[in-house]
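A.B. asks: Which chain is which? The protein sequence lines are A and B, in order.
If you count the first sequence from 1, position 56 lands on 56 in full-length UniProt numbering, and the numbers rise without skipping.
If you count the second sequence from 1, position 124 lands on 124 in full-length UniProt numbering, and the numbers rise without skipping.
Number of protein chains: 2
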Amino acid sequence: MTFPVVGMVGGGQLARMTHEAGIPLGIRFKLLSDTPQDSAAQVVSDVVIGDYRDLDTLRDFARGCDVITFDHEHVPTEHLRALEADGIPVRPGPDALVHAQDKGVMRARLDAIGVPCPRHRIVSDPGDVAAFAAELGGREGTGTDGFPVVLKTVRGGYDGKGVWVVDSVEEAAEPFRAGVPVLAEEKVDFVRELAANVVRSPHGQAVAYPVVESQQVNGVCDTVIAPAPDLDEALALKAEEMALRIAKELDVVGHLAVELFHTRDGRILVNELAMRPHNSGHWTQDGAITSQFANHVRAVLDLPLGDPRPRAKWTVMVNVLGGDYPDMYSAYLHCMARDPQLKIHMYGKDVKPGRKVGHVNTYGDDLDDVLERARHAAGYLRGTITE
Amino acid sequence: MTFPVVGMVGGGQLARMTHEAGIPLGIRFKLLSDTPQDSAAQVVSDVVIGDYRDLDTLRDFARGCDVITFDHEHVPTEHLRALEADGIPVRPGPDALVHAQDKGVMRARLDAIGVPCPRHRIVSDPGDVAAFAAELGGREGTGTDGFPVVLKTVRGGYDGKGVWVVDSVEEAAEPFRAGVPVLAEEKVDFVRELAANVVRSPHGQAVAYPVVESQQVNGVCDTVIAPAPDLDEALALKAEEMALRIAKELDVVGHLAVELFHTRDGRILVNELAMRPHNSGHWTQDGAITSQFANHVRAVLDLPLGDPRPRAKWTVMVNVLGGDYPDMYSAYLHCMARDPQLKIHMYGKDVKPGRKVGHVNTYGDDLDDVLERARHAAGYLRGTITE
Numbered sequence: 001m002t003f004p005v006v007g008m009v010g011g012g013q014l015a016r017m018t019h020e021a022g023i024p025l026g027i028r029f030k031l032l033s034d035t036p037q038d039s040a041a042q043v044v045s046d047v048v049i050g051d052y053r054d055l056d057t058l059r060d061f062a063r064g065c066d067v068i069t070f071d072h073e074h075v076p077t078e079h080l081r082a083l084e085a086d087g088i089p090v091r092p093g094p095d096a097l098v099h100a101q102d103k104g105v106m107r108a109r110l111d112a113i114g115v116p117c118p119r120h121r122i123v124s125d126p127g128d129v130a131a132f133a134a135e136l137g138g139r140e141g142t143g144t145d146g147f148p149v150v151l152k153t154v155r156g157g158y159d160g161k162g163v164w165v166v167d168s169v170e171e172a173a174e175p176f177r178a179g180v181p182v183l184a185e186e187k188v189d190f191v192r193e194l195a196a197n198v199v200r201s202p203h204g205q206a207v208a209y210p211v212v213e214s215q216q217v218n219g220v221c222d223t224v225i226a227p228a229p230d231l232d233e234a235l236a237l238k239a240e241e242m243a244l245r246i247a248k249e250l251d252v253v254g255h256l257a258v259e260l261f262h263t264r265d266g267r268i269l270v271n272e273l274a275m276r277p278h279n280s281g282h283w284t285q286d287g288a289i290t291s292q293f294a295n296h297v298r299a300v301l302d303l304p305l306g307d308p309r310p311r312a313k314w315t316v317m318v319n320v321l322g323g324d325y326p327d328m329y330s331a332y333l334h335c336m337a338r339d340p341q342l343k344i345h346m347y348g349k350d351v352k353p354g355r356k357v358g359h360v361n362t363y364g365d366d367l368d369d370v371l372e373r374a375r376h377a378a379g380y381l382r383g384t385i386t387e
Numbered sequence: 001m002t003f004p005v006v007g008m009v010g011g012g013q014l015a016r017m018t019h020e021a022g023i024p025l026g027i028r029f030k031l032l033s034d035t036p037q038d039s040a041a042q043v044v045s046d047v048v049i050g051d052y053r054d055l056d057t058l059r060d061f062a063r064g065c066d067v068i069t070f071d072h073e074h075v076p077t078e079h080l081r082a083l084e085a086d087g088i089p090v091r092p093g094p095d096a097l098v099h100a101q102d103k104g105v106m107r108a109r110l111d112a113i114g115v116p117c118p119r120h121r122i123v124s125d126p127g128d129v130a131a132f133a134a135e136l137g138g139r140e141g142t143g144t145d146g147f148p149v150v151l152k153t154v155r156g157g158y159d160g161k162g163v164w165v166v167d168s169v170e171e172a173a174e175p176f177r178a179g180v181p182v183l184a185e186e187k188v189d190f191v192r193e194l195a196a197n198v199v200r201s202p203h204g205q206a207v208a209y210p211v212v213e214s215q216q217v218n219g220v221c222d223t224v225i226a227p228a229p230d231l232d233e234a235l236a237l238k239a240e241e242m243a244l245r246i247a248k249e250l251d252v253v254g255h256l257a258v259e260l261f262h263t264r265d266g267r268i269l270v271n272e273l274a275m276r277p278h279n280s281g282h283w284t285q286d287g288a289i290t291s292q293f294a295n296h297v298r299a300v301l302d303l304p305l306g307d308p309r310p311r312a313k314w315t316v317m318v319n320v321l322g323g324d325y326p327d328m329y330s331a332y333l334h335c336m337a338r339d340p341q342l343k344i345h346m347y348g349k350d351v352k353p354g355r356k357v358g359h360v361n362t363y364g365d366d367l368d369d370v371l372e373r374a375r376h377a378a379g380y381l382r383g384t385i386t387e
């Protein structure tokens with residue numbers, strides 16, 4: 001057998017769905033997972049249980065892998081460099097991945113290549129925040145003092161964690177308590193959030209998925225609509241080109257998600273980068289010719305990429321969050337009987353309130369119908385809709 | 001967690017692809033496999049290595065499973081009855097499955113419910129064959145002695161194995177040497193083979209996929225075209241109704257494939273039955289709203305079934321057989337670069353000449369194009385096309 005072994009660090013749902021997408025390719029998939037109960041560890045044959053923060057564990061795991069890729073961005077950069085020095089291809093590589101690990105590095109790099117971002121500054125204390133705010137003062141949506149301002153720890157945040165929106169210098173003290181560097185950003189006056197998903201291979205081949213609208217609830221992705229409704233064609237093209245340029249300039253290999261603010265005055269600004277399959281690309285499993293997971297696998301193996309075009313006029317993804325009702329399986333009866341076209345994707349996770357435990361995809365020609373079906377199913381699975 | 005455990009007996013590619021289809025449902029999948037190298041065992045987490053012909057092994061395996069289903073039809077009927085007596089749901093159940101295990105039982109039952117089959121008779125020796133042939137004599141395509149006649153062992157045949165086409169009473173000796181019962185059938189004058197695939201749940205819900213054309217080469221399925229081109233709508237409906245009726249009358253649970261002869265005089269006759277996902281349904285992975293594998297899982301769990309309708313005007317599946325060239329992975333470069341819409345499904349099997357090691361699916365609006373793409377890819381992977 002000459003089929004390669006793809007080593008995936010991290011046992012979450014992204015690894016689970018990447019494994020699923022890799023099965024048809026006949027590749028071998030090896031998983032480094034924190035516990036045997038992790039989402040991906042439940043469905044993968046070749047699982048190593050260990051701590052990705054430990055270099056020896058990583059090295060043992062990487063032995064026998066043809067390439068290493070990731071379910072998350074938390075592997076220390078120096079460990080990735082050590083693996084590369086051992087001769088193991090790491091994709092995306094540490095020099096790319098650092099931009100998804102460190103928001104300060106990311107902002108500096110995007111500035112350098114001329115990609116529009118919210119105004120921002122690394123700040124050391126509340127005084128810095130006040131000074132930064134003062135410079136922003138008087139914009140629409142801010143007081144004369146420039147507040148509110150967004151503060152983010154440069155590392156470790158996700159799904160709204162590690163992010164604060166502060167209305168005064170007094171409130172700005174909290175983010176500094178952990179002693180990690182903090183990035184201050186203007187609070188962008190946006191009408192919606194978009195995401196541009198692209199995939200790039202070591203060869204430099206790249207494909208762009210249609211730009212999607214991503215709707216957040218309480219800082220967590222709730223709904224993704226593909227393609228983004230009523231998006232000016234030139235702006236969509238600009239967003240795709242921007243994502244492709246970031247992928248190229250940062251030498252990203254694999255999937256890159258560029259989260260964007262669509263501002264009230266019609267601009268697009270980069271919010272965050274993720275270098276792995278991303279929640280804003282889950283719709284591709286049922287809505288695109290090639291899913292983000294299949295293309296991520298193809299990219300890290302330096303195989304030619306698959307067609308990213310949509311298969312339906314509209315595809316909608318809605319996340320399924322844990323509710324008060326732990327038995328999601330019994331909800332299948334209603335959901336599947338109501339909508340025989342519904343696509344359920346569950347992650348094998350125990351239900352905890354607010355935890356992402358799955359998502360649903362729907363597609364069709366009528367956006368209102370497609371949205372209603374996805375929202376109903378997600379709400380019913382969560383237990384917030386009972387009829 | 002209330003998610004059920006589906007126990008799959010047999011580690012072949014059908015189990016592999018059923019596991020793949022079960023991952024999004026969040027169910028637990030447990031596999032009984034002959035060896036750890038089997039196609040499905042490579043990609044499933046929870047694998048028991050053992051012999052399905054041993055009742056104790058089956059019983060141990062079934063403990064902790066909510067339902068048992070199958071990758072093949074070879075589990076002894078009495079073992080299935082024993083599992084049922086233990087209280088384990090077996091789907092399809094032994095009373096249904098016997099019709100896919102024993103061609104003599106199948107023919108008798110289809111006769112009884114009035115489903116058209118080739119003329120047939122259980123025969124004990126070459127003399128019986130000659131007498132059967134004489135009754136068929138004078139039809140188009142046969143000599144005055146009624147030969148050729150098709151002889152089949154009633155159990156254990158597949159992919160052309162256990163089947164003989166004999167031209168004389170002298171040639172009819174061979175099939176009897178194994179000492180197993182033999183079924184004699186008229187050699188049907190058919191213009192093509194069709195397959196009607198349906199899925200049925202314990203509740204009695206059933207869905208029918210569009211009838212497909214199945215092209216065999218040397219007795220092995222080579223190409224499947226969905227839907228069957230130029231098939232009279234009334235005949236297609238008749239084939240679907242026939243398959244649904246067989247599923248109901250035989251109390252099939254799960255996927256049922258009904259292989260059909262489309263005769264020169266415009267009739268359809270049942271050739272074989274298979275009660276599991278089937279090669280003639282592999283196109284559904286990329287060509288239908290719900291794949292045969294997903295619907296098989298839903299059926300054995302008594303969940304509402306998914307929509308079986310096609311997503312494309314035409315979908316073509318071509319099997320990838322092993323050739324002289326063992327390195328199929330390197331052929332990915334050409335195949336994927338040539339056709340970014342190509343869907344490759346490999347089974348993780350070592351390449352042996354003539355062995356089914358995977359298949360490809362293509363879809364689109366132009367049948368000639370879709371056929372050419374699938375055939376080129378399968379031929380290139382096999383090594384019979386080199387440019």
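Note that CB positions come from ideal geometry on N, CA and C, so glycine has one too.
Every value quoted in this text rests on a predicted model; they were computed, and no experiment measured them.
1. Have a look at the DSSP bridge pairing and note the partners of Val-30 (chain B).
2. Quick one: what's Asn-197 (chain B) bridged to in DSSP?
3. Counting only runs that start and end within the region 307-343 of chain B, where is the alpha helix (DSSP H) found for 4 or more residues in a row?
4. Determine, using beta carbons only, whether Glu-20 (chain B) comes closer than 8 Å to chain A.
5. Between His-376 (chain A) and chain B, is the shortest Cβ-Cβ distance under 8 Å, so that the two count as touching?
6. In chain order, what residues of the same chain have a beta carbon less than 7 Å from the beta carbon of Gly-26 (chain A), not counting five sequence neighbours either side?
7. Under 7 Å Cβ-Cβ, which residues of chain B neighbour Arg-91 (chain A)?
8. Could you check whether the Cβ of Arg-139 (chain B) sits closer than 8 Å to any Cβ belonging to chain A?
9. Distance cutoff 8 Å, beta carbons only. Does Tyr-329 (chain B) sit that close to anything in chain A?
10. Quick check on the DSSP output: what are the complete alpha helix (DSSP H) runs of length 4 or more inside the region 208-252 of chain A, in order along the chain?
11. Does the region 313-332 of chain B come within contact of the region 238-254 of chain B, defined as at least 3 CB pairs closer than 8 Å?
12. Would you call the region 289-297 of chain A and the region 220-235 of chain A touching, i.e. three or more CB-CB distances under 8 Å?
13. Considering only the alpha carbon of each residue, which of A:Leu-32, A:Pro-24, A:Asp-38 and A:Val-9 lies closest to Gly-350 (chain A)?
14. Would you tell me roughly how many angstroms separate the C-alpha atoms of Pro-92 (chain A) and Val-207 (chain A), rounded to the nearest one?
15. Could you say if the region 118-131 of chain B and the region 168-188 of chain B meet the contact criterion of at least three C-beta pairs nearer than 8 Å?
16. Is there at least one Cβ from chain A nearer than 8 Å to Asp-369 (chain B)'s Cβ?
17. So, at 6 Å on beta carbons, what are the nonlocal neighbours of Lys-352 (chain A) in its own chain, with the 5 sequence-adjacent residues on each side left out?
18. Which residue wins for smallest C-alpha separation from Ile-268 (chain A), given the options A:Lys-187, A:Leu-136, A:Tyr-332 and A:Glu-193?
19. Need the endpoints of the alpha helix (DSSP H) that Asn-279 (chain A) sits in, please.
20. In angstroms, rounded to a whole number, what distance separates the CA positions of Met-1 (chain B) and Gly-348 (chain A)?
21. Give me whichever residues DSSP pairs with Gly-266 (chain A) in a beta bridge.
22. Is the distance from the Cβ of Met-346 (chain B) to the Cβ of Val-224 (chain B) below 8 Å?
23. State buried or exposed for Gln-292 (chain A), treating a residue as buried only when at least 16 other CB atoms are found within 10 Å of its CB.
24. May I have the straight-line CA-CA distance separating His-334 (chain A) from Arg-309 (chain B), to the nearest angstrom?
25. Which word fits Lys-161 (chain A), buried or exposed, when buried means at least 16 other C-beta atoms lie within 10 angstroms of its C-beta?
26. Helix, strand or coil, according to DSSP, for Ala-287 (chain A) in the structure here?
27. Are the beta-carbon atoms belonging to Ile-122 (chain A) and Gly-104 (chain A) less than 8 Å from one another?
28. Counting C-beta neighbours from all protein chains within 10 Å, is the total for Thr-18 (chain A) 16 or more, i.e. buried, or is it exposed?
29. Alpha carbon to alpha carbon, what distance is there between Arg-119 (chain A) and Gln-285 (chain B)?
30. Between Phe-61 (chain B) and the rest of its own chain, which residues show a CB-CB distance below 7 Å, the 5 nearest in sequence each way excluded?
31. Would you report the Cα separation of Asn-314 (chain B) and Arg-373 (chain B), rounded to the nearest angstrom?
32. Starting from the Cα of Glu-73 (chain B), find the closest Cα among B:Arg-59, B:Thr-35, B:Pro-24 and B:Gly-11 and give me that residue.
33. Three or more C-beta pairs under 8 Å: does that hold for the region 233-240 of chain B against the region 196-211 of chain B?
34. Take the Cβ of Ala-133 (chain A) as the centre, count every other Cβ of all protein chains shown within 10 Å, and call the residue buried at 16 or more, exposed below.
35. Would you please verify whether the beta carbon of Ser-45 (chain B) is less than 8 Å from any beta carbon of chain A?
C.D. replies: Working from what's here:
1. In the second sequence, counting from the first residue as 1, residue 30 (chain B) sits at position 30. The sequence shown places Lys at residue 30 (chain B), not Val. DSSP lists B:Gly-7 and B:Asp-46 as partners of Lys-30 (chain B).
2. The residue you call residue 197 (chain B) lines up with position 197 of the second sequence. Answer is B:Ala-257.
3. 331-338
4. Start at 1 with the first residue of the second sequence, and residue 20 (chain B) comes out as number 20. Interface residue, yes.
5. As a first step, residue 376 (chain A) is located in the first sequence; it is residue number 376 there, counting from the start. Judged by the 8 Å Cβ criterion, His-376 (chain A) is not in contact with chain B.
6. Taking the first residue of the first sequence as position 1, residue 26 (chain A) is located at position 26. The residues are Phe-3.
7. Indexing the first sequence from 1 puts residue 91 (chain A) at position 91. Residues of chain B passing the Cβ test: none, with the nearest at roughly 17 Å.
8. The residue labelled residue 139 (chain B) in the question sits at position 139 within the second sequence. For Arg-139 (chain B), the answer is no, since every Cβ of chain A falls outside 8 Å of its Cβ.
9. As a working mapping, residue 329 (chain B) is identified with position 329 in the second sequence. Yes, because at least one Cβ of chain A sits closer than 8 Å to the Cβ of Tyr-329 (chain B).
10. 233-249
11. no
12. no
13. The residue labelled residue 350 (chain A) in the question sits at position 350 within the first sequence. One detail in the question is off: residue 350 (chain A) reads as Asp in this sequence, not Gly. Out of A:Leu-32, A:Pro-24, A:Asp-38 and A:Val-9, A:Asp-38 has the C-alpha closest to the C-alpha of Asp-350 (chain A).
14. Here residue 92 (chain A) is taken as the residue at index 92 of the first sequence, counted from 1. Here residue 207 (chain A) is taken as the residue at index 207 of the first sequence, counted from 1. About 16 Å.
15. yes
16. The residue given as residue 369 (chain B) occupies position 369 in the second sequence. So, not an interface residue.
17. Residue numbering aside, residue 352 (chain A) sits at position 352 when the first sequence is read from its first letter. Within the same chain, Lys-352 (chain A) has close Cβ partners Gly-322.
18. Position 268 of the first sequence, counted from the start, is the residue given in the question as residue 268 (chain A). Of A:Lys-187, A:Leu-136, A:Tyr-332 and A:Glu-193, the residue nearest in Cα terms is A:Glu-193.
19. Residue 279 (chain A) sits at position 279 when you count from the first residue of the first sequence. Neither: Asn-279 (chain A) is in no alpha helix (DSSP H) and is coded neither H nor E.
20. Taking the second sequence and counting its residues from 1, the one referred to as residue 1 (chain B) is at position 1. Taking the first sequence and counting its residues from 1, the one referred to as residue 348 (chain A) is at position 348. Confidence is the limiting factor: at Met-1 (chain B) the pLDDT is only 48, short of 50, which leaves the residue's position unreliable and the question unanswerable from this model.
21. The sequence position of residue 266 (chain A) within the first sequence is 266, counting from 1. None; Gly-266 (chain A) has no bridge partner.
22. Working through the second sequence from its first residue, we reach residue 346 (chain B) at position 346. Working through the second sequence from its first residue, we reach residue 224 (chain B) at position 224. No, they are not a contact pair.
23. For the purposes of this step, residue 292 (chain A) is identified with residue 292 of the first sequence, where counting begins at 1. Gln-292 (chain A) should be labelled buried.
24. Within the first sequence, residue 334 (chain A) is the residue found at index 334, counting from 1. Within the second sequence, residue 309 (chain B) is the residue found at index 309, counting from 1. For the pair His-334 (chain A) and Arg-309 (chain B), the Cα-to-Cα distance works out to about 21 Å.
25. Here residue 161 (chain A) is taken as the residue at index 161 of the first sequence, counted from 1. So Lys-161 (chain A) ends up on the exposed side.
26. Within the first sequence, residue 287 (chain A) is the residue found at index 287, counting from 1. It should be noted that the sequence gives Gly, not Ala, for residue 287 (chain A). In the structure shown, Gly-287 (chain A) sits in a helix (DSSP, three-state: H, G or I).
27. On the first sequence, residue 122 (chain A) is found 122 positions in, with the first residue counted as 1. On the first sequence, residue 104 (chain A) is found 104 positions in, with the first residue counted as 1. Their beta carbons are under 8 Å apart, which means Ile-122 (chain A) touches Gly-104 (chain A) by this criterion.
28. Position 18 of the first sequence, counted from the first residue, corresponds to residue 18 (chain A). Classification of Thr-18 (chain A): buried, given that the 10 Å Cβ count is 16 or more.
29. Sequence index remark: in the second sequence, residue 285 (chain B) carries index 285 (1-based). Sequence index remark: in the first sequence, residue 119 (chain A) carries index 119 (1-based). One C-alpha to the other measures close to 47 Å.
30. If you number the second sequence from 1, residue 61 (chain B) lands on position 61. Result list for Phe-61 (chain B): Gly-7, Leu-32, Val-48 and Gly-50, in chain order.
31. Here residue 314 (chain B) corresponds to residue number 314 of the second sequence, with the count starting at 1. Here residue 373 (chain B) corresponds to residue number 373 of the second sequence, with the count starting at 1. The identity of residue 314 (chain B) in the sequence shown is Trp, whereas the question assumes Asn. Each residue's alpha carbon lies about 12 Å from the other.
32. As a working mapping, residue 73 (chain B) is identified with position 73 in the second sequence. Residue B:Gly-11 is the option with its Cα nearest to Glu-73 (chain B).
33. In this structure the region 233-240 of chain B lies against the region 196-211 of chain B, because at least three pairs of beta carbons, one per stretch, are closer than 8 Å.
34. By 1-based counting over the first sequence, the position of residue 133 (chain A) is 133. Buried, because 16 or more other Cβ atoms sit within 10 Å of the Cβ of Ala-133 (chain A).
35. One-based indexing of the second sequence puts residue 45 (chain B) at position 45. True, the Cβ-Cβ gap to chain A drops below 8 Å.
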